[in-house]
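**Q**
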Ligand SMILES: [Zn+2]
Ligand SMILES: [Zn+2]
């Protein structure tokens with residue numbers, strides 16, 4: 057049925073006044089040459105569109121955030137008089153946004169169309185996918201569908217914003233399909249750097265749209281929950297209309313390593329260490345934190361937790377059964393001075409060198425409970441998110457000036473990405489075999505790199521959509 061529905065091509069979109077105007081606006085931002093390149097350079101320039109609309113059918117796909125950027129992912133699927141939303145994240149401000157704490161997408165389109173909304177479907181619990189939910193709920197009250205761990209994190213957030221009582225949450229198991237009016241949404245297990253992540257197959261009257269959410273292909277995940285290849289392949293046999301796929305690592309060749317490779321590196325670092333060990337990582341990377349705790353336990357160390365978000369995340373993960381901490385391993389941060397350095401690990405926030413975070417304050421010598429000494433081994437188990445490099449460098453410098461030993465990702469394999477590289481993106485494209493392709497979750501160059509990968513796998517150039525976020529008009 058997909059064959060009868062043609063997507064408007066870029067040329068026809070170009071004819072509309074509005075698109076021409078926004079394309080021009082965008083040239084200022086991403087520096088797209090106005091003339092279409094005629095050379096045979098592999099990197100082609102592409103026209104950007106704000107909305108995919110299917111001819112002879114009322115299916116519209118409108119990204120409100122998450123394109124030409126990493127952050128505030130939110131996409132609208134509209135079929136006739138019904139809307140479903142996929143994800144609702146926030147972004148952190150760039151340096152030029154003085155006084156801004158966080159950035160949410162422009163949701164006025166949803167407010168205008170609030171009677172059409174059937175629900176919000178959430179792929180996983182990272183801030184760039186759930187952080188905007190309280191702001192959406194203040195404008196429109198919508199039911200939320202997610203897996204157990206994702207809902208656990210959403211619940212914490214709504215409690216904080218006093219929105220929990222007024223919101224309906226539906227816990228969905230992987231493998232289940234939810235009826236959302238004319239569209240149906242299937243939850244498919246995937247792997248990422250947070251437990252319980254899913255991809256969606258969205259069944260619409262004009263065809264199937266697969267949205268990967270954030271994914272990597274991890275054959276040896278810590279929780280044993282592998283991506284559901286079988287189901288993805290089955291869906292791929294049903295003439296999928298469109299694949300929307302994670303582009304974060306589209307410029308990187310090869311594969312992303314398994315999360316479980318990190319455990320081995322921790323073991324090597326821990327086994328003969330006589331120093332106190334301090335590890336900074338992302339709070340939401342529950343499996344990383346688990347591996348740090350396991351390495352500590354196996355080497356006879358107690359573990360103290362530092363940083364509000366880390367404490368809260370571990371609490372939630374334990375309550376919901378996503379973490380398993382051996383008895384008598386955790387100790388209160390106030391008691392760390394009772395233990396010898398070689399018997400202690402501290403897990404902390406601040407892997408991005410965020411100014412107010414625990415690790416940054418330790419490095420600056422103004423943390424109330426942890427004083428860094430030359431007898432500390434500090435492991436930064438994360439890569440700086442683009443934009444944060446200089447904060448992280450400053451923290452490393454400060455720690456080293458105190459005399460601490462610092463291990464970070466350029467020195468040892470103590471971090472792996474949660475996003476798949478080119479070979480994993482190829483596998484996804486090969487399983488799903490879509491007619492049309494839309495790279496999502498990425499900056500312009502990542503979307504373009506992903507588009508090139510798709511072309512190599514046989515998706516025609518004109519069937520690939522590079523989109524930009526819709527702005528309210
Ligand atoms: Zn994510
Ligand atoms: Zn993301």
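Numbering (this note's numbering), first residue to last: 57 to 529. Where is the CB? At the ideal position from N, CA and C, for every residue including glycine.
1) Could you tell me the boundaries of the alpha helix (DSSP H) in which residue 456 lies?
2) What do you reckon, is the C-beta of residue 471 under 6 Å from a heavy atom of ligand 1?
3) Under the three-state reduction of DSSP, which class applies to residue 379: helix, strand or coil?
4) Is there contact here, the stretch 309-328 with the stretch 488-495, by at least three beta-carbon pairs under 8 Å?
5) Since residue 236 sits in a beta bridge, which residues does DSSP pair it with?
6) Tell whether a beta-carbon distance below 7 Å holds between residue 225 and residue 207.
7) If we ignore side chains and look at the alpha-carbon of each, how far apart do residue 213 and residue 466 end up?
8) Ends of the beta strand (DSSP E) at residue 495?
9) State the DSSP-derived secondary structure class of residue 185, mapped to helix, strand or coil.
10) Could you check what DSSP says for residue 369 in three-state terms: helix, strand or coil?
11) Between the Cα of residue 401 and those of 412, 409, 431 and 419, spot the shortest distance and give me the residue it belongs to.
12) Below 8 Å on the Cβ atoms is my guess for residue 360 versus residue 389; work out the distance and round it to an integer in Å.
13) Hey, quick one: how far does the beta strand (DSSP E) through residue 226 stretch, first residue to last?
14) Below 8 Å, can you find three or more Cβ-Cβ pairs linking the stretch 237-245 to the stretch 280-287?
15) To the nearest angstrom, report how far apart residue 556 and residue 352 are at their CA atoms.
16) Looking at the structure shown, is residue 131 part of a helix, part of a strand, or coil, going by DSSP?
17) Assign residue 218 to one of two classes, buried (16 or more other C-beta atoms within 10 Å of its C-beta) or exposed (fewer than that).
18) So the beta strand (DSSP E) residue 395 belongs to, where does it begin and stop?
19) Within the same chain, show all residues whose beta-carbon is closer than 6 Å to that of residue 519, passing over the 5 residues directly before and after it, in chain order.
20) Mind listing, in chain order, the residues whose beta carbon lies closer than 5 Å to a non-hydrogen atom of ligand 1?
21) At a cut-off of 6 Å, would you count residue 184 as near ligand 2, judging by its Cβ distance to the nearest heavy atom?
22) How long is the line joining the alpha carbons of residue 438 and residue 338, rounded to whole angstroms?
23) Could you give the uninterrupted runs of the alpha helix (DSSP H) lying entirely in the stretch 305-358, keeping only those of 4 residues or more?
24) Would DSSP call residue 468 helix, strand or coil?
25) Taking the alpha carbon of residue 346 as the point to measure from, which residue in 277, 409, 311 and 331 has its own alpha carbon closest?
26) Report all residues from its chain with a CB closer than 6 Å to the CB of residue 362; omit the five preceding and five following residues, and keep chain order.
27) Please return the same chain residues whose Cβ sits closer than 8 Å to the Cβ of residue 524, not counting the five positions on each side in sequence.
**A** If we stick to the structure as given:
1) 445-458
2) no
3) coil
4) no
5) 239
6) yes
7) 34 Å
8) 492-496
9) helix
10) helix
11) 431
12) 5 Å
13) 225-227
14) yes
15) Absent from the structure is residue 556, since the part of the chain shown begins at 57 and ends at 529.
16) strand
17) exposed
18) Element bounds for residue 395: n/a, residue is neither H nor E.
19) 492
20) 182 and 270
21) yes
22) 7 Å
23) 316-327 and 342-354
24) coil
25) 277
26) 389, 402, 404 and 414
27) 78, 82, 104, 105, 106, 119, 123 and 124
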